[in-house]
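Engineer: Protein chains in written order, with our numbering: chain A, 1 to 366; chain B, 1001 to 1366.
Where a beta carbon is used, it is the ideal one built from N, C-alpha and C, also for glycine.
2 protein chains.
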Amino acid sequence: MNGKKSVQEAFNETAYRIAGNGNRDVQVLKEALAAVENSTASDIYGTGEVIEDFQTKMANILGKETAVFFPSGTMAQQIALRIWCDEKEVKKVAYHPLCHLEIHEQDGMKELHHIEPVLLADKDRLITLEDVANLKEEIACLLLELPQREIGGQLPEYTELEVISAHCRARGIKLHLDGARLFEILPYYGKSAAEISALFDSVYISFYKGIGGIAGAILAGSEDFTKQSKIWKRRHGGDLISLYPYIISSDYYFRQREGRMQQYYEGAKELAAWVNQCHDVTTLPAQPVSNMFHMHFQMSKEQIEPILSAVYEATGIGLSAGIRATGEHTSYCEISIGDKYADIPKEKLKEFFLLLDKLMNESSAE
Amino acid sequence: MNGKKSVQEAFNETAYRIAGNGNRDVQVLKEALAAVENSTASDIYGTGEVIEDFQTKMANILGKETAVFFPSGTMAQQIALRIWCDEKEVKKVAYHPLCHLEIHEQDGMKELHHIEPVLLADKDRLITLEDVANLKEEIACLLLELPQREIGGQLPEYTELEVISAHCRARGIKLHLDGARLFEILPYYGKSAAEISALFDSVYISFYKGIGGIAGAILAGSEDFTKQSKIWKRRHGGDLISLYPYIISSDYYFRQREGRMQQYYEGAKELAAWVNQCHDVTTLPAQPVSNMFHMHFQMSKEQIEPILSAVYEATGIGLSAGIRATGEHTSYCEISIGDKYADIPKEKLKEFFLLLDKLMNESSAE
């Protein structure tokens, strides 16, 4: 272990990648565009075949009346919650403490929509029916994120989802699905996207997580809900004259990867088993329920990074360059399996983890 | 004149187009992408060379400290006004009654930012120093749109701009430029973009008007202003993981068309002279001051559309398919000159206007 290269540098030079679908570069867009005619007309402010056809297609897949394409999930989800709050005239919603709206959006929901969140459950566990049933305050909407990304992509049992949905319906609480990674969880639940969506009043899905598109989101629900969401989309500045670069690539990679989610899920389980055989590192969840999990190191970021660097250099395999400290002596990284995992010969993977385990052991013993 | 085809159908079949830069189709994006390497890395949430370099370039061209790329002008401008209102703790701005924020954004500024507009001037004329000086209410910011699109793209004299700017500076009123068509007015003023921008505290420019890009906007100002605008961009849902499809195309078409604005301006003046020789139609302004003007017909939409249809069919030249009624017996359309105008042989243009004039005369005489 020479430690001369940063983990990012060593990662960049690897020939194999454990996670993801490849580099986010211009070729990703070029490939998607090559599949459509040059004369294909742009969408124009939310109208035109290219956007309308895709919206209809996704509404059908999600089993909802209608759907709207948005440039981002941040915009789509704030708007969904706003519509439900306005309908009930209650400016309160409930969600997990590590919800995207709470920690990644600069408080857009509060600053732009003046909606107050009620945080359900502890940071490190999933929302349960009990949390929802114990709610003292009146809320317009409950947002559930499936899988719960910030805790490694955990999922409640499907029966728990069903009872939460029934509880909300009985009490006039709208249920919104943060389904940024909805297709990634279908193999575990053994359900269709429409079956899961049927438990929710509104559904958001993303096209640049497991699907591997450029950017973009779909928000689906009833016709009245969709109609209102289009007005808010314009207010937010999301009703662009042309969204086709995102729509065409979303459609292209959705068609390409929708059918590979079982493969990614199996890959994640296999990989997590490798990881859990090493010392000083465990996966969360212990057995993945989607294509993703977190790797938690019993080592500081400063201690694990040169080890990873050395393993990347020695094996030509890259795992992650994004190590984050969680405490003085602990750190973690996020792994999402995509196309790239299948490219790595199993022998090489074995070599990777043997070396990782060896170097971590040596480092712990120092 | 058989009148069998709608004006849109007849327009679609024309070989020549008087206005614009050509069809808004996927080829426009493919051409821009062909000019960059496949391995060019995506921007990632506002960082990376592709976005940072373009922001620096545009900040320099506009003579401002910094600039931020936005997916839309709607988003950029609401945010600019919000920052100025917050700074002064006055939730009021002034703008023209036909300002984009007032008539095209579903009241986003009011609904999301709770900013109240003060409408200056009458609908059919430009804002003057007198209007600004007579303001009774305290405002945080004055927005000026150059050219004033909804009245044919009119412009104040440059000296008027200078005195309005000086007046605002002296009174602590921020001046924001809606410069969606800023490059289109440089030939008339004989000024650089930086010289005009120097009169303003914040400047927005668009890349899909005269520049002919796909979508996208730049908001420029001081470093502190820009820093705040990035926070609001995330709140609005505009901080996409990848904006490069818009950035690369904006840069490509900016480089291509920035130097052609004088040509478009001369084309607009020449064309307006042709129009004004016809009966029952005049241009607004009488002599264009940019690449754009409006054509006002002394005829109803229902009367002029079949005439235009017939002229398009007979000459193979398309003028506009977007005729809008302004009254029972009057209508108008907007014309913006781009690359396409230069393709039309002058003899064919003459033929077009002789026939248009003849058919309008016959129709009026009926």
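(1) Which runs of the beta strand (DSSP E), 3 residues or longer, sit entirely within the region 1097–1157 of chain B?
(2) Considering only DSSP beta bridges, list what residue 295 of chain A is partnered with.
(3) Would you mind sorting residue 1210 of chain B into buried or exposed? The rule is 16 or more other CB atoms within 10 Å of its CB.
(4) Decide if the region 229–248 of chain A is in contact with the region 1068–1083 of chain B; the criterion is three or more beta carbon pairs, one per stretch, under 8 Å apart.
(5) Using C-beta distances below 6 Å, list every residue in its chain close to residue 1213 of chain B, excluding the 5 sequence neighbours before and after it, in chain order.
(6) Just list the beta strand (DSSP E) runs in the region 1305–1365 of chain B, keeping only unbroken ones of 3 residues or longer that don't cross its boundaries, in chain order.
(7) At a CB distance below 8 Å, what residues from the region 1036–1053 of chain B approach chain A? Give them in sequence order.
(8) For residue 78 of chain A, which residues in chain B fall below 7 Å Cβ to Cβ?
(9) Looking at C-beta atoms only, is the number of pairs between the region 1170–1190 of chain B and the region 1031–1044 of chain B that lie closer than 8 Å three or more?
(10) In chain B, which residues lie with their C-beta within 7 Å of the C-beta of residue 30 of chain A?
(11) Starting from the C-beta of residue 1320 of chain B, find all residues in its chain whose C-beta is less than 6 Å away, skip the five residues before and the five after it, and write them out in chain order.
(12) Where DSSP assigns a beta bridge to residue 1177 of chain B, which residues make up the other side?
(13) Determine, using beta-carbon pairs with one atom in the region 119–128 of chain A and one in the region 86–105 of chain A, whether at least three such pairs fall under 8 Å.
(14) Determine whether the Cβ of residue 117 of chain A lies closer than 9 Å to any Cβ atom of chain D.
(15) Compute the Euclidean distance between the alpha carbons of residue 170 of chain A and residue 258 of chain A, then round it to the nearest angstrom.
(16) Leaving out five residues before and five after residue 138 of chain A in sequence, what residues of the same chain have Cβ atoms less than 6 Å from its Cβ?
(17) Considering residue 221 of chain A, what are the terminal residues of the beta strand (DSSP E) in which it resides?
(18) Please state the DSSP three-state secondary structure of residue 25 of chain A.
(19) Is it true that the region 1342–1354 of chain B meets the region 1269–1280 of chain B, where meeting means three or more beta-carbon pairs spaced less than 8 Å apart?
(20) Between the beta-carbon of residue 146 of chain A and the beta-carbon of residue 218 of chain A, is there less than 9 Å?
(21) Grab me the residues of residue 69 of chain A's own chain with a C-beta within less than 7 Å of its C-beta, minus the 5 sequence neighbours each way, in chain order.
(22) Rounded to whole angstroms, what is the Cα-Cα separation between residue 1326 of chain B and residue 1018 of chain B?
(23) Rounded to a whole number of angstroms, what is the C-alpha to C-alpha distance between residue 1001 of chain B and residue 226 of chain A?
(24) Verify whether the separation of the beta carbon atoms of residue 88 of chain A and residue 221 of chain A is less than 9 Å.
(25) Taking only runs of the alpha helix (DSSP H) that begin and end inside the region 232–272 of chain A, which ones reach a length of at least 4 residues, in chain order?
(26) Listing by chain order, which chain B residues have their CB less than 8 Å from the CB of residue 108 of chain A?
(27) List the endpoints of the continuous alpha helix (DSSP H) containing residue 1036 of chain B.
(28) Give the interface partners of residue 1025 of chain B over in chain A, defined as CB-CB distance under 7 Å, in chain order.
(29) Determine the extent of the alpha helix (DSSP H) in which residue 193 of chain A is found, giving its start and end residues.
(30) Using the Cα positions of residue 294 of chain A and residue 337 of chain A, report the straight-line distance between them to the nearest angstrom.
(31) Which of the residues in the region 140–173 of chain A, read from start to end, lie with their CB under 9 Å from any CB of chain B?
(32) Any idea if residue 3 of chain A is buried or exposed, counting beta-carbon neighbours within 10 angstroms, 16 or more meaning buried?
(33) Classify residue 1345 of chain B as buried or exposed, calling it buried when 16 or more other Cβ atoms lie within 10 Å of its own Cβ.
(34) Ignore the nearest five residues each way along the sequence and tell me which others in residue 1058 of chain B's own chain have a CB closer than 7 Å to its CB.
(35) Specify, as a first and last residue, the run of the beta strand (DSSP E) that residue 1095 of chain B falls within.
Structural biologist: Taking the structure as given:
(1) 1116–1119 and 1141–1145
(2) Counting from 1 along the first sequence, the entry for residue 295 of chain A is found at position 295. Partner(s): A:283 and A:333.
(3) Here residue 1210 of chain B corresponds to residue number 210 of the second sequence, with the count starting at 1. Burial call: buried.
(4) yes
(5) The count along the second sequence starts at 1 and reaches residue 1213 of chain B at position 213. 1207, 1249, 1250 and 1253.
(6) 1331–1336
(7) 1036, 1037, 1038, 1039, 1040, 1041, 1042 and 1044
(8) Reading the first sequence from its first residue, position 78 is the one you call residue 78 of chain A. Within chain B, the residues near residue 78 of chain A are 1237.
(9) no
(10) On the first sequence, residue 30 of chain A is found 30 positions in, with the first residue counted as 1. In chain order: 1033 and 1038.
(11) Reading the second sequence from its first residue, position 320 is the one you call residue 1320 of chain B. The answer, listed in chain order, is 1333.
(12) For the purposes of this step, residue 1177 of chain B is taken as residue 177 along the second sequence, with counting starting at 1. Paired residues: B:1144 and B:1203.
(13) yes
(14) Reference to chain D is not applicable here, since the protein chains of this structure are A and B.
(15) By 1-based counting over the first sequence, the position of residue 170 of chain A is 170. By 1-based counting over the first sequence, the position of residue 258 of chain A is 258. Spanning the two alpha carbons is a distance of roughly 34 Å.
(16) As a position in the first sequence, residue 138 of chain A is number 138, starting the count at 1. The answer, listed in chain order, is 90.
(17) Your numbering for residue 221 of chain A matches position 221 in the first sequence. Segment 217–221, the beta strand (DSSP E) holding residue 221 of chain A.
(18) Residue 25 of chain A sits at position 25 when you count from the first residue of the first sequence. Strand, per DSSP.
(19) yes
(20) The sequence position of residue 146 of chain A within the first sequence is 146, counting from 1. The sequence position of residue 218 of chain A within the first sequence is 218, counting from 1. Not in contact: residue 146 of chain A and residue 218 of chain A (Cβ atoms no closer than 9 Å).
(21) Along the first sequence, one-based indexing puts residue 69 of chain A at 69. Only 51, 54, 55, 216, 218, 243 and 247 meet the Cβ criterion.
(22) Locating residue 1326 of chain B in the second sequence gives position 326, counting from the first residue. Locating residue 1018 of chain B in the second sequence gives position 18, counting from the first residue. Straight-line Cα distance between these residues: approximately 23 Å.
(23) On the second sequence, residue 1001 of chain B is found 1 positions in, with the first residue counted as 1. On the first sequence, residue 226 of chain A is found 226 positions in, with the first residue counted as 1. Confidence in residue 1001 of chain B is poor, its pLDDT being 46 and thus under 50, which makes the residue's placement too unreliable to answer from.
(24) Within the first sequence, numbered from 1, the residue matching residue 88 of chain A stands at position 88. Within the first sequence, numbered from 1, the residue matching residue 221 of chain A stands at position 221. No, these two residues do not count as a Cβ contact at 9 Å.
(25) 244–257
(26) Taking the first sequence and counting its residues from 1, the one referred to as residue 108 of chain A is at position 108. Within chain B, the residues near residue 108 of chain A are 1234, 1235, 1236 and 1237.
(27) Against the second sequence, residue 1036 of chain B aligns to sequence position 36. It is not in any alpha helix (DSSP H) - residue 1036 of chain B carries neither H nor E in the DSSP assignment.
(28) Here residue 1025 of chain B is taken as the residue at index 25 of the second sequence, counted from 1. Here the neighbours are 38, 39, 40, 41 and 42.
(29) To locate residue 193 of chain A, count along the first sequence from 1; it is residue 193. Here the alpha helix (DSSP H) through residue 193 of chain A covers 193–197.
(30) Here residue 294 of chain A refers to the residue found at position 294 of the first sequence. Here residue 337 of chain A refers to the residue found at position 337 of the first sequence. Computed Cα separation, rounded: 11 Å.
(31) none
(32) Here residue 3 of chain A refers to the residue found at position 3 of the first sequence. Residue confidence is low: residue 3 of chain A scores 47 on pLDDT, short of 50, so the model does not pin down where it sits. Its coordinate-derived value is still stated next. Exposed, since its Cβ has fewer than 16 Cβ neighbours within 10 Å.
(33) Position 345 of the second sequence holds residue 1345 of chain B. Burial call: exposed.
(34) As a working note, residue 1058 of chain B is residue 58 in the second sequence. So the qualifying residues of the chain are 1067, 1218 and 1220.
(35) Sequence index remark: in the second sequence, residue 1095 of chain B carries index 95 (1-based). Here the beta strand (DSSP E) through residue 1095 of chain B covers 1092–1095.
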